[in-house]
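Sequential numbering from 0 applies to the sequence shown in numbering that gives the first Met the number 0.
These notes are about the structure you will find just below.
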Amino acid sequence: MPNFSLRDEVAFEAAQKFETPFHLYSERGIRRTARALRDAFGEIEDFREYFAVKALPTPAILRILREEGCGVDCASVTELMLADACGFRDGDIMFSANDVTGEEFALARRLGAYINLDDITHVDTLAKHGGVPETVCLRYNPGGAFRIGNAIMGDPGDAKYGMTREQLSQALLRLRDLGAARFGVHAFLSSNTTDPAYYPALARLLFQTGRELTGESGMPLAFVNLSGGIGIPYRPDQPETDIRAVGEGVAREYRRAFTDNGIRGVAIKTELGRYMTGPNGWLVTHIINEKRIHKHYLGLDASACDLMRPAMYGAYHHITIPGKEHLPHDRLVDVTGSLCENNDKFAVDRMLPQTAIGDLLVIHDTGAHGLSMGYNYNGKLRCKEVLWREDGGFELIRRAETPRDYFATLDVDPAWEALQARWLK
Ligand SMILES: *Cc1c(COP(=O)(O)O)cnc(C)c1O
């Protein structure tokens, strides 16, 4: 898949039209990724991607993905509301949440979403709130370490998600008693992995488990949900995921488990987030301060409130300086935001070219788990989102937050009147 890198002139043009900071997303990149995924799974008769809304919950993006045939994967009331507002209906929505309330189940059922049950106790919650649907999905947690060959790919034994193997059996029988007619199985065992062996190994496990559960319950397996987890190369020297190899590997397991045994009609679903939009987004900023103390710091007009991954996980995001990338990268700097929190650094000990205050600085791969993970620490307001249209134009698809947005929940406090009178007119 093309890791769509941003040409300098596009960054300059966007920054001329919109005040920084902003996340910029490529419509063309997102459409191409969706098509490449569909092509890679072309051998599977009934394949569909349900985009993980939490990665980029912006209507303009969700509508593009809907046009490309994707559904959405939601995990909260507001994500369900957003899906509904963007025209996703019934089988277009997967509800894969954990620590769920009856209220959430009821809304998901009202919108006709597939319900992916995270825990055996939720069978009864669902029966009470919204009712058990004909097709229901179960989330599996095999425990232990998830290995491919000798490599440990994930640590399900330590993860809060899903049910044990015994619970899957019990939950399914109970669901059958409550009126379910067929089922799906789901598991998420490895995050951000570019190893093309991950999905095929997961598929093999879930295909096997699904067939066992059919044997026990007499209920047909409707679908296998491979969830998210396919990774992207955040570092320029990392390889991209070979998505064709992923699709071919899953198709091989599919033939082995189903087609070769005369089993037909099992659909394959995915809930990718990062893979779909991650490389198709950039945080466009300006350098507004430069500071030399014990280290050399470049201060940006953006902060961890706009992109939290480096602060939260120490995650690497590639950084470029439009117009200066041809210069030697001979300066060792930390690139910081303005929070009173020393982890507010977009890069630590990074080699960059000579820069000046006022230079544009682009942070790459911010299209997933970027703005959506943001917060409001220090009363900082989150930035806007801009869509780089296929026709080359730019469109504001989310405005920046304002003080009015930030203070809105104080309408229960006497200070609200003063804030309104003095600052929010
Ligand atoms: C977060 C999440 C995803 C998407 O994960 P990515 O790493 O972005 O692919 C999919 N399904 C569930 C249930 C999730 O929690």
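Beta carbons: idealized from backbone N, C-alpha and C, even for Gly.
Remember, predicted model here, so these are calculated numbers, not experimental data.
Got a sec? Which residues, its chain only, sit under 7 Å from F3 by beta carbon, not counting five neighbours each side?
As a working mapping, residue 3 is identified with position 4 in the sequence shown. Residue placement at F3 cannot be trusted, given a pLDDT of 49 that sits under 50; what the coordinates show is reported in the next sentence. So the qualifying residues of the chain are S25, G28, P278 and N279.
Alpha-carbon spacing of P232 relative to N191, whole angstroms
Position 233 of the sequence shown holds residue 232. Position 192 of the sequence shown holds residue 191. Approximately 9 Å between the Cα atoms of the pair.
State the CB to CB distance for the pair T436 and I60, rounded to an integer number of angstroms; the pair is presumed to be in contact (CB under 8 Å).
There is simply no residue 436 to check, as the chain begins at 0 and stops at 424 in what is shown.
If we call anything under 9 Å between Cβ atoms a contact, is N377 one with E400?
Walking along the sequence shown from the start, residue 377 turns up at place 378. Walking along the sequence shown from the start, residue 400 turns up at place 401. Contact: no.
Who pairs with Y296 in a beta bridge, going by DSSP?
Position 297 of the sequence shown, counted from the first residue, corresponds to residue 296. Listed as beta-bridge partners of Y296 by DSSP are K290 and D333.
Bridge partners for L220 per DSSP, in chain order?
One-based indexing of the sequence shown puts residue 220 at position 221. Paired residues: F182.
By alpha-carbon positions, which one of V76, V99 and Y198 ends up nearest to R449?
Residue 449 lies beyond the residue range present for the chain, which begins at 0 and ends at 424; the question has no answer from this structure.
M0 versus R30: straight-line alpha-carbon distance, rounded
Residue mapping note: residue 0 aligns to position 1 of the sequence shown, counting from 1. Residue mapping note: residue 30 aligns to position 31 of the sequence shown, counting from 1. Note that M0 has pLDDT 38, beneath the 50 cutoff, so the model's placement of it is unreliable and the number below is only indicative. In this model, M0 and R30 are separated by some 11 Å (Cα to Cα).
So G313 and G272 are in contact, right, with Cβ under 8 Å, and what is the actual spacing, rounded?
Walking along the sequence shown from the start, residue 313 turns up at place 314. Walking along the sequence shown from the start, residue 272 turns up at place 273. About 20 Å; that fails the 8 Å criterion.
Mind checking whether A150 and D194 have CB atoms under 9 Å apart?
As a working note, residue 150 is residue 151 in the sequence shown. As a working note, residue 194 is residue 195 in the sequence shown. The Cβ-Cβ distance between A150 and D194 falls below 9 Å.
Enumerate in chain order the residues of its own chain whose CB-to-CB distance from R398 is below 8 Å, with the five nearest sequence positions on each side excluded.
By one-based count along the sequence shown, residue 398 stands at place 399. The residues are K383.
Would you call G41 buried or exposed, if buried means 16 or more other Cβ atoms sit within 10 Å of its Cβ?
On the sequence shown, position 42 is the one that residue 41 refers to. Here G41 is exposed. Its C-beta has fewer than 16 other C-beta atoms within 10 Å.
Once DSSP output is grouped into helix, strand and coil, what is the label at L174?
The residue given as residue 174 occupies position 175 in the sequence shown. Secondary structure at L174: helix, using DSSP grouped into helix, strand and coil.
Among the residues of its own chain, which have a CB less than 7 Å from the CB of R175, if the five just before and after it don't count?
Your numbering for residue 175 matches position 176 in the sequence shown. For R175, where only same-chain residues beyond five positions count, the Cβ hits under 7 Å are S216 and M218.
Whose CA, out of E48, G261 and A144, lies closest to the CA of M93?
Within the sequence shown, the letter at position 94 stands for residue 93. Here the closest residue by C-alpha is E48.
Expressed to the nearest angstrom, what Euclidean distance is found between the alpha-carbon atoms of A256 and Q207?
Within the sequence shown, residue 256 is the residue found at index 257, counting from 1. Within the sequence shown, residue 207 is the residue found at index 208, counting from 1. Distance between the alpha carbons of A256 and Q207 is about 7 Å.
With distances taken Cα to Cα, identify the nearest neighbour of F187 among L205, A170, L172 and A303.
Along the sequence shown, one-based indexing puts residue 187 at 188. Taking each of L205, A170, L172 and A303 in turn and checking the Cα distance to F187, the smallest one comes out for L205.
State the Cα-Cα distance for the pair A420 and K379, rounded to the nearest angstrom.
Within the sequence shown, numbered from 1, the residue matching residue 420 stands at position 421. Within the sequence shown, numbered from 1, the residue matching residue 379 stands at position 380. C-alpha separation (whole angstroms): 21 Å.
I want to check one thing, is the minimum distance from the CB of K53 to the heavy atoms of ligand 1 below 8 Å?
Position 54 of the sequence shown, counted from the start, is the residue given in the question as residue 53. For K53, the distance from the CB to the nearest heavy atom of ligand 1 is below 8 Å.
Beta carbon of N140 nearer than 9 Å to that of A158:
Position 141 of the sequence shown, counting from 1, holds the residue named residue 140. Position 159 of the sequence shown, counting from 1, holds the residue named residue 158. Closer than 9 Å, so yes.
Please classify C85 as buried or exposed, where buried requires at least 16 other C-beta atoms within 10 Å of its C-beta.
Here residue 85 is taken as the residue at index 86 of the sequence shown, counted from 1. It counts as buried.
Taking the straight line between their C-alpha atoms, what separation do you get for A144 and M162?
Walking along the sequence shown from the start, residue 144 turns up at place 145. Walking along the sequence shown from the start, residue 162 turns up at place 163. In a straight line, the C-alpha of A144 is about 15 Å away from that of M162.
With respect to the beta strand (DSSP E) encompassing H22, which residues constitute its N-terminal and C-terminal limits?
In the sequence shown, residue 22 corresponds to position 23, counting from 1. Unbroken beta strand (DSSP E) run through H22: F21 to S25.
With DSSP as the reference, please indicate the residues paired to T319 in a beta bridge.
Taking the sequence shown and counting its residues from 1, one reaches residue 319 at position 320. Per DSSP, V361.
Three or more C-beta pairs closer than 8 Å, one from the stretch 345-364 and one from the stretch 261-270: is that the case here?
Using a C-beta cut-off of 8 Å, the stretch 345-364 makes no contact with the stretch 261-270, since fewer than three inter-stretch Cβ pairs fall below that distance.
Consider the C-beta atom of G280 and the heavy atoms of ligand 1; say whether any pair is separated by less than 8 Å.
Here residue 280 refers to the residue found at position 281 of the sequence shown. The nearest non-hydrogen atom of ligand 1 is 8 Å or more from the C-beta of G280.
Determine the contact status of S95 and M152, defining contact as a CB-CB distance below 9 Å.
On the sequence shown, position 96 is the one that residue 95 refers to. On the sequence shown, position 153 is the one that residue 152 refers to. Against a cut-off of 9 Å, the Cβ pair of M152 and S95 comes out as no contact.
With respect to the alpha helix (DSSP H) encompassing F242, which residues constitute its N-terminal and C-terminal limits?
Against the sequence shown, residue 242 aligns to sequence position 243. The identity of residue 242 in the sequence shown is Ile, whereas the question assumes Phe. First-last of the alpha helix (DSSP H) with I242: I242 to A256.
Candidates A170, H128 and L116, of which the one nearest Y160 by Cα:
Here residue 160 refers to the residue found at position 161 when the sequence shown is read from its first residue. Nearest to Y160 by C-alpha distance, out of A170, H128 and L116, is L116.
Nearest residue (CA-CA) to G70, options E102, T100 and A33
In the sequence shown, counting from the first residue as 1, residue 70 sits at position 71. With distances taken between Cα atoms, G70 lies closest to A33.
Counting only runs of 4+ residues fully inside the stretch 339-407, write out the alpha helix (DSSP H) ranges in chain order.
For the stretch 339-407, the full-length alpha helix (DSSP H) segments reaching 4 residues or more read 402-406 along the chain.
Please confirm whether any heavy atom of ligand 1 lies closer than 8 Å to the CB of D72.
The residue labelled residue 72 in the question sits at position 73 within the sequence shown. Correct: D72 has its Cβ closer than 8 Å to ligand 1.
Determine the burial state of H328: buried for a count of at least 16 other Cβ atoms within 10 Å of its Cβ, exposed for fewer.
Stepping through the sequence shown from its first residue, residue 328 is reached at position 329. Label assigned to H328: exposed.
Under 8 Å from any heavy atom of ligand 1, does the C-beta of S190 make it?
Stepping through the sequence shown from its first residue, residue 190 is reached at position 191. S190 Cβ: within cutoff of ligand 1.
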